[in-house]
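Numbering (my numbering), first residue to last: 453 to 856. All C-beta atoms in this analysis are idealised placements derived from N, C-alpha and C, irrespective of residue type, glycine included. As structure tokens, the structure follows; a few thoughts come after it.
Here it is as structure tokens:
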């Protein structure tokens, strides 16, 4: 198939065709039915439009990936019914990560051909795959239908950038068709999210990303070129705030679209953002920002690393256990974003910030009478957290790499 890929939620016009094509799904759910065959055809058509352009290499990569991961999950599921060796589980996880690792290596110039193995959303589908393997290991998933797994992996509203759902929660939603009153309420919520997403992505995201960001970037690079240190610092600060606002409104807008379309399909996809710039500290921030990713890392990296270290008695001090687990957690998150120094630095920065915040919270606990809560202390906490977050996004943006 020739032509460019159709970017999900890329323009307001996109939603007209999307909603029109969903009318049979919406009408059927209103009358208490789910048109599984139509949803399958609808999903296939949208996947073809999204991944089938530009030589269709993304469509081929997606198809090969799904077959490969289903084979890994199926093989481990059969094995897990009889045995539960840790090394086999570790091998299954490593094998499931091979496609993503190869794609990440493809960002290196000498290995650029590996990028042909990638497709839009490979990271988010990998999260789902690893989650299922872990739940097989834990025994929380017993008998699983292969069609249900593929439907979960390829659920179109969230395929490209999340939010990251959990298999059991998704499957329960998909199988339990809401009654008319509940579905009508869900449609109302979807409409609200769609309009909020339109404001976020196509108005505020446009202002910060399309209008302000190029101007600030141009001035920043100009200051760097002429060596004006004072102006460079001023423009770097401006870039930090503009980029942070663009990142939030663009990504939060996308997430609202994905959740809204999920709601129209009768699925309660979990929220991804909860006023993150009102966070009181860095821990509070990670309970509000990209929550499905944050909670995935908490449940499947941080908690498991902590339990492993306590079980092996690598550290006697529980505080040290949590600190090391934070470092591992955010280093993995950094590497997941990409194999560049600024993504790794971003991960290390957040790990350090949380460790420092833990020290501060323990100090406050021991000296409760010294620092009393008030509107002033709360305002200072929000202000400091907001600027810490924005500085981390400055690192994450990669602009510093161009200034070195």
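- Hey, would you say residue 779 sits closer than 8 Å to residue 805, going by beta carbons? No, these two residues do not count as a Cβ contact at 8 Å.
- Message: Give the list of continuous alpha helix (DSSP H) stretches no shorter than 4 residues that lie fully inside the region 598-668.
- Response: Counting whole runs of 4 or more residues, the region 598-668 contains the alpha helix (DSSP H) stretches 598-605, 619-627 and 632-651.
- Beta-carbon gap between residue 675 and residue 687 smaller than 8 Å: With contacts defined as CB atoms closer than 8 Å, residue 675 and residue 687 qualify as a contacting pair.
- Beta-carbon proximity check, residue 611 vs residue 522, cutoff 8 Å: Cβ distance not < 8 Å, so residue 611 and residue 522 don't count as in contact.
- Which one of 654, 625, 677 and 512 has the shortest CA to CA distance from residue 698? Ranking the options by Cα distance to residue 698, first place goes to 654.
- Check whether the region 825-835 touches the region 641-658, counting contact only when three or more Cβ pairs, one atom from each stretch, lie closer than 8 Å. The region 641-658 and the region 825-835 do not touch, with fewer than three beta-carbon pairs separated by less than 8 Å.
- Let me know if residue 827 comes out buried or exposed under the rule of 16 or more other beta-carbons within 10 Å of its beta-carbon. Residue environment: residue 827 is assigned as exposed (fewer than 16 neighbouring CB atoms within 10 Å of its CB, all protein chains considered).
- Item | Own chain, CB closer than 6 Å to residue 454, minus 5 neighbours either side, in chain order | The predicted model places residue 454 with a pLDDT of 49, which falls under 50 and marks its position as unreliable; any figure quoted below should be read in that light. Excluding residues up to 5 positions away in sequence, nothing lies with its Cβ nearer than 6 Å to the Cβ of residue 454 in the same chain.
- Coarse secondary structure for residue 594, derived from DSSP in three states: The answer is coil: DSSP assigns residue 594 none of H, G, I, E or B.
- Message: Could you compute how far the alpha carbon of residue 581 sits from the alpha carbon of residue 681?
- Response: In this structure, the CA atom of residue 581 is about 48 Å from the CA atom of residue 681.
- With a cut-off of 8 Å, do at least 3 Cβ pairs link the region 461-472 to the region 615-623? Verdict: no, contact absent.
- Query: Mapping DSSP to helix, strand and coil, what is residue 777?
  - Reply: Looking at residue 777 - three-state DSSP - the assignment turns out to be helix.
- Query: Under a Cβ-count criterion, where at least 16 other Cβ atoms within 10 Å of its own Cβ denotes burial, should residue 461 be classed as buried or exposed?
  - Reply: By the neighbour-count rule (16 or more Cβ atoms within 10 Å), residue 461 is buried.
- Item | Spatial distance of residue 571 from residue 504 (CA atoms) | If you take the alpha carbons of residue 571 and residue 504, they lie about 11 Å apart.
- What's the call for residue 536, buried or exposed, on a 16-neighbour Cβ count within 10 Å? Looking at its Cβ environment, which holds fewer than 16 other Cβ atoms inside 10 Å, residue 536 is exposed.
- Task: Drop a sphere of 10 angstroms on the beta-carbon of residue 821, count the other beta-carbons inside from all chains shown, and report buried for 16 or more, exposed for fewer.
- Result: Residue 821 should be labelled exposed.
- Message: Suppose you measure from the CA of residue 565 to the CA of residue 558; what does that come to, to the nearest Å?
- Response: For the pair residue 565 and residue 558, the Cα-to-Cα distance works out to about 6 Å.
- Item | Collapsed DSSP secondary structure at residue 706 in the structure displayed | Helix, per DSSP.
- Item | Sequence-distant residues of the same chain with beta carbon closer than 6 Å to residue 722, five excluded per side | Setting aside the 5 residues that flank it on each side, residue 722 is surrounded in the same chain by 615 and 744, each with a C-beta closer than 6 Å to its C-beta; the list follows chain order.
- Does the distance from the CB of residue 587 to the CB of residue 619 come in under 8 Å? For residue 587 and residue 619, yes; Cβs fall inside 8 Å.
- Query: For residue 580, does the three-state DSSP call read helix, strand or coil?
  - Reply: Secondary structure of residue 580 (DSSP, three-state): helix.
- Message: Please report the distance separating the alpha-carbon of residue 485 from that of residue 764.
- Response: Each residue's alpha carbon lies about 51 Å from the other.
- Item | Span separating the alpha-carbon of residue 476 from that of residue 488 | Each residue's alpha carbon lies about 11 Å from the other.
- From which residue to which residue does the alpha helix (DSSP H) around residue 728 run? DSSP places residue 728 in no alpha helix (DSSP H); its state is neither H nor E.
- Message: What does the Cβ neighbour count give for residue 733, buried or exposed, with the cut at 16 atoms within 10 Å?
- Response: With a threshold of 16 other beta carbon atoms within 10 Å, residue 733 meets it and is buried.
- Message: Out of 575, 735 and 845, which one is the CA nearest neighbour of residue 812?
- Response: The option with the nearest alpha carbon to residue 812 is 735.
- Query: According to DSSP, is residue 742 helix, strand or coil?
  - Reply: Note: residue 742 maps to coil in three-state DSSP.
- Ignore the nearest five residues each way along the sequence and tell me which others in residue 758's own chain have a CB closer than 7 Å to its CB. These residues qualify, in order along the chain: 773, 774 and 777.
- Query: In whole angstroms, what separates the C-alpha of residue 625 from that of residue 718?
  - Reply: Whole-angstrom Cα-Cα distance: 7 Å.
- Can you have a look at residue 473 and say buried or exposed, based on whether 16 or more other CB atoms are within 10 angstroms of its CB? Exposed is the call here.
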